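**Q** One structure, pasted below without further comment.
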Ligand code: COA
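Numbering (our numbering), first residue to last: 660 to 935.
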């Protein structure tokens, strides 16, 4: 019974090269229990190298994206068992967020509803984020007497400015999807009714790009955030050189289509991948 519950805590389907992965504990507002965290890592690993998956979308069943950590099972139950259990639970959660940050394929958070505290970990783990205007984002930790741990304090300062971050963390006031877009927590907000449609459009744009270049690009953008300017320059030169040496077919075909054939313009869209 326990295994089945763990298995069902995350569901997914793959349609037209888009993997739609859902937090699936709607009755618990998709809060992250240790069982859900274990299952999510398995699901990410199942999907990461599948040929029929080009983009991963992370969303939630019901009214929540995720109400953060499971206060009962992640905090109280593991604390009762002692420090070892606490550390194990942390590792299970942080492990899949890290896997998501460095996922081989582009990822989109489709934030359909409540998004609290610990959920900022996977929110930042996704490369892009599109929210429902009706969604609610909050660092609710202050409301129950802890600091925004689990990376949440770091995520809020990575995504928005100092004053917004401080206000959000200290007051525990929620912001809706529109405000979250204004602050930079998500790329944009659309009405809930049109959310899946909008995310599908963006996923299809990504599916039309060279997948090797996409992976290199998303990793480069994440890596250079933590580097000095000169380190970034060096990293980018080396990474591009490695790609040119090992994986230049796509770019050579693109150059052919632009320079020789004049059949596309890089400034206006992607080259035709099917002719590689
Ligand atoms: N941990 C444990 N249980 C949670 C939970 C969480 N983070 N979030 C929701 N639940 C449970 C509730 O206890 C309730 O369980 P029950 O049906 O067994 O009583 C169930 O999910 C439904 O929650 P409820 O509060 O009735 O739903 P709501 O739609 O009225 O409110 C929230 C939704 C998200 C506003 C509210 O559940 C909430 O504040 N959750 C905690 C959010 C939070 O602080 N997260 C940060 C954790 S780091």
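Quick reminder that beta carbons are idealized off the backbone N, C-alpha and C, glycines included. These numbers were taken from a predicted model, which means no experiment stands behind them.
Run the CB neighbour count on residue 682, radius 10 Å, all protein chains shown included, and call it buried at 16 or more, exposed below.
**A** Along the chain shown, read from residue 1 onward, the residue named residue 682 stands at position 23. With at least 16 other beta carbons inside 10 angstroms of its own, residue 682 counts as buried.
**Q** Should residue 803 be labelled buried (16 or more other beta-carbon atoms within 10 Å of its own) or exposed?
**A** Numbered from 1 along the chain shown, position 144 holds the residue referred to as residue 803. Result: exposed.
**Q** Report buried or exposed for residue 795, applying the criterion of at least 16 other Cβ atoms within 10 angstroms of its Cβ.
**A** As a working mapping, residue 795 is identified with position 136 in the chain shown. Around the beta-carbon of residue 795, 16 or more other beta-carbon atoms lie within 10 Å, marking it buried.
**Q** Measuring CB to CB, does residue 936 end up less than 7 Å from residue 784?
**A** Because the chain spans 660 through 935 in this model, residue 936 falls outside it and cannot be assessed.
**Q** If you draw a straight line from the C-alpha of residue 861 to the C-alpha of residue 768, how long is it?
**A** Counting from 1 along the chain shown, the entry for residue 861 is found at position 202. Counting from 1 along the chain shown, the entry for residue 768 is found at position 109. Cα to Cα, the separation comes out at about 11 Å.
**Q** Check each candidate in 800, 691 and 924 and name the one with the smallest Cα separation from residue 914.
**A** For this step, residue 914 is matched to residue 255 along the chain shown. Here the closest residue by C-alpha is 924.
**Q** Contact between the stretch 807 to 819 and the stretch 848 to 868: three or more CB pairs below 8 Å?
**A** At 8 Å Cβ cutoff, the stretches do not touch.
**Q** Got a sec? Which residues, its chain only, sit under 7 Å from residue 660 by beta carbon, not counting five neighbours each side?
**A** For the purposes of this step, residue 660 is identified with residue 1 of the chain shown, where counting begins at 1. Confidence at residue 660 is low in this model, with a pLDDT of 43, below 50, so its placement is unreliable and no value can be given for it.
**Q** So residue 918 is in the beta strand (DSSP E); what residue range does that whole segment cover?
**A** Position 259 of the chain shown, counted from the first residue, corresponds to residue 918. Taken as a continuous stretch (DSSP letters only), residue 918 belongs to no beta strand (DSSP E), as it is neither H nor E.
**Q** Compute the Euclidean distance between the alpha carbons of residue 912 and residue 782, then round it to the nearest angstrom.
**A** Within the chain shown, residue 912 is the residue found at index 253, counting from 1. Within the chain shown, residue 782 is the residue found at index 123, counting from 1. If I take the Cα positions, the gap works out to 35 Å.
**Q** Per DSSP, which residues does residue 774 bridge with? Please list them.
**A** In the chain shown, residue 774 corresponds to position 115, counting from 1. 725 and 796.
**Q** Give, in chain order, every unbroken run of the beta strand (DSSP E) that is at least 3 residues long and sits entirely within the stretch 799 to 858.
**A** 847 to 849
**Q** In chain order, what are the residue ranges of uninterrupted alpha helix (DSSP H) at least 4 long that sit wholly in the stretch 665 to 721?
**A** 693 to 707
**Q** Can you tell me whether residue 831 sits near the ligand NAD, meaning its C-beta is under 6 Å from at least one heavy atom of the ligand?
**A** For the ligand NAD, the structure offers nothing, since it holds only the ligand COA.
**Q** Just curious, the beta strand (DSSP E) that residue 950 is in, first and last residue?
**A** Here the chain comprises residues numbered 660 to 935, so residue 950 is not present and cannot be evaluated.
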